[in-house]
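With the UniProt record's numbering, letter number 287 in the sequence shown gets 287, and the count goes up by one each step, no holes. The beta carbon of each residue, even a glycine, is placed where N, CA and C say it ideally should be. All values derive from a computational prediction rather than experimental measurement. Data block below; observations after.
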Amino acid sequence: MQCLRLRFRGILPRLVPIRYYAKKTDIPEDVMEEMEEGFINLCNSDSPSLLRKYLTRDLFDELKVKTTPTYKSNLLDCVRSGMYNFNSNVGIYAADPESYKTFAKLFDPIIEEYHGFKQGDKHPASCFGYGSDFPDLDPERKFILSTRIRCARSLDGFPFNPMLTHCDYAQLQTTICRAFDRLCGEFSGKYFAVCNMKEKVKEKLIADHYMFREDDPFLEQGMAFRYWPLGRGIFMNRQKTFIVWVNEEDHVRIISMEKGGDLGRVYERMIIGVESLAHEMKFAHDPHLGHINFCPTNLGTSIRASVHIKLPSISSEATVVDVAEKYSLQVRGTRGENSSPDNGIYDISNKRRMGVTEYQIITEMYNGIKAIIETECQAAMDMERIMKATAKDNMVLKGEEMQKIKRVDKCSPKKKPGDKKNRR
Ligand code: ADP
Ligand code: DAR
């Protein structure tokens, strides 16, 4: 029985030789061997990833011989990151838009667990609403240092990182930059290709949170750094409040950001920016999944709306996470994903991106951040009350001590004025 269970979890290698499967498909034998070894290592690991949770031996055997119709992506092209990074949370990327259908039996349960979006659900049509519906979250600038909203877009007719060719990266950059040339007013700005960027300039832009980092091991094993830095770059308007990343994790990451907590203004800028670029490029979109992108966490609206916020009175990061999760919010560190909070600055954002409209996500995030600020204020009042009570207790204690000292004095012999023997 134990042997059967081990085989079921994929811990024992398949009894059928690899070459039998290799013949059933146009996947090379060495790829099949790498996949088999990676699968067994993953099963034997303690990875918390959704990939390990849902990729059973039977599902693995069913999917490992499949390839997508247009780009011939195979299962390894999608799961390589999770097979080599056991500390992944999700562990899978789509090698191309068709991967979500060809490997749906694996993607669907992962999408459901991450987004709460069931296989039969349909992502709603875009509905941005109006930025003016969201007043400043922190008009006195007591807590929120800055607000940022980003969304991912992929150009129709192109695969994702593992299948993009040298020419694809160059062509994507040319097409996207042509759209930048048509931006006007507040949105006009300049494109900076990574290959022309001085190291110091790049480091400063990363330190100031404008530019993407180049050290994500999950993306590296997800084949997102091939031909780097060809076709990679960043567009910024003059005020650095409208930014577009080109060919980092996604073909396009559209970002609106500014100091302070004026979510409505950041959102209004995001809406105009996205709609302006959508006029110039056809984005990949699926009636069921919404906007299609490289990572399954960025489907649907692909919106992440975040604040950099200081919460000095909320005692610990664990409490911040508890409160955030109550409002379906996610806590990241000051430098974004997989980083920790520097000087108590948290990155708090919506977690859900699918099955709801853009407007609903921003509303959920707005209400969640307001609640977190209220929790912070309550914690500050509690702390003040405790400090006042302690100070009062100390005063009472001091008073009682003074009384005691006075009582002791009363019992000691009286000193008469001019009495020499007591003078110093
Ligand atoms: P993404 O948001 O694109 O998924 P990350 O979480 O890695 O990726 O964040 C990318 C960069 O954006 C990081 O430098 C992060 O510090 C910065 N960032 C995220 N939210 C804010 C914010 N509200 N204000 C300023 N910078 C932010
Ligand atoms: N770290 C990877 C990806 C999670 C989602 N983040 C993205 N797409 N940047 C993981 O599997 O945990």
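- Judged by DSSP secondary structure, Cys151 falls within the beta strand (DSSP E) whose first and last residues are 144 to 153.
- The stretch 374 to 382 makes contact with the stretch 295 to 313: 3 or more CB pairs, one atom from each, lie closer than 8 Å.
- A buried status is given to Leu42, since no fewer than 16 other beta-carbon atoms sit within 10 Å of its beta-carbon.
- Across the set Ile372, Ile176, Cys127, the C-alpha of Ile176 shows the shortest separation from the C-alpha of Ile234.
- Annotated three-state conformation of Asn44 is helix, per DSSP.
- With the criterion CB distance below 5 Å from any heavy atom of ligand 2, the matching residues run Ser88, Asn89, Val90, Gly91, Phe218, Cys295, Thr297 along the chain.
- Under the three-state reduction of DSSP, Arg253 is assigned to strand.
- At a threshold of 7 Å, Asp342 does not count as near ligand 1, since its beta carbon sits no closer than that to any of the ligand's heavy atoms.
- Short note on Ser306: C-beta closer than 7 Å to some heavy atom of ligand 1.
- The beta-carbon separation of Thr68 and Ile27, rounded to 12 Å, does not stay under the 8 Å limit for a contact.
- Selection Val65, Tyr93, Lys72, Asp322 evaluated against Leu51 yields Tyr93 as nearest (Cα-Cα).
- Leu230 carries a coil assignment under DSSP once its states are collapsed to helix, strand and coil.
- Here DSSP, grouped into helix, strand and coil, assigns Tyr327 to coil.
- Boundaries of the alpha helix (DSSP H) harbouring Ser99: 99 to 102, taken from the DSSP string.
- The DSSP-derived three-state label of Thr67 is strand.
- When beta bridges are read from the DSSP output, Ser349 appears opposite Ser306, Gln330.
- C-alpha of Leu230 to C-alpha of Glu249: approximately 13 Å in a straight line.
- With respect to Arg304, Arg150 sits close: the two C-beta atoms are nearer than 8 Å.
- Under the DSSP assignment, Tyr191 falls outside any alpha helix (DSSP H), being part of the beta strand (DSSP E) whose first and last residues are 189 to 193.
- According to the DSSP assignment, Ile176 belongs to the alpha helix (DSSP H) that extends over 166 to 180.
- The criterion of a C-beta distance shorter than 8 Å is satisfied by Tyr114 and Val90.
- The Cβ neighbour count for Ser88, taken over all protein chains shown within 10 Å, is at least 16; the residue is labelled buried.
- Counting every other CB atom within 10 Å of its CB across the protein chains shown gives Arg182 a total below 16, marking it as exposed.
- Note: His285 is bridge-paired with His291 in the DSSP secondary-structure output.
- The C-alpha of Glu401 is placed about 10 Å away from the C-alpha of Met395.
- Distance check between Asn293 and each of Thr334, Glu376, Ser154 places Ser154 closest, using alpha-carbon atoms only.
- A Cβ-Cβ contact shorter than 8 Å links Asn85 with Phe218.
- Short note on Ser81: C-beta not closer than 7 Å to any heavy atom of ligand 1.
- Here the C-alpha atom of Thr301 lies approximately 12 Å from the C-alpha atom of Asn350.
- In this structure, His279 and Lys122 do not form a Cβ contact; the two beta carbons are roughly 25 Å apart against a cut-off of 8 Å.
- Set against 7 Å, the gap from the CB of His291 to the closest heavy atom of ligand 1 is not smaller.
- Between Arg238 and Cys184, the alpha-carbon positions lie close to 11 Å from each other.
- Between the alpha carbons of Gln119 and Val194 lies a distance of about 39 Å.
- Apart from sequence neighbours up to five positions away, the residues of its chain that approach Tyr227 with a beta-carbon distance below 6 Å are His166, Tyr169, ordered along the chain.
- Judged by DSSP secondary structure, Ile206 falls outside any beta strand (DSSP E) and instead within the alpha helix (DSSP H) spanning 199 to 207.
- Minimum Cα-Cα distance from Met236 among the listed residues Ala224, Met211, His251, Gly260 corresponds to Met211.
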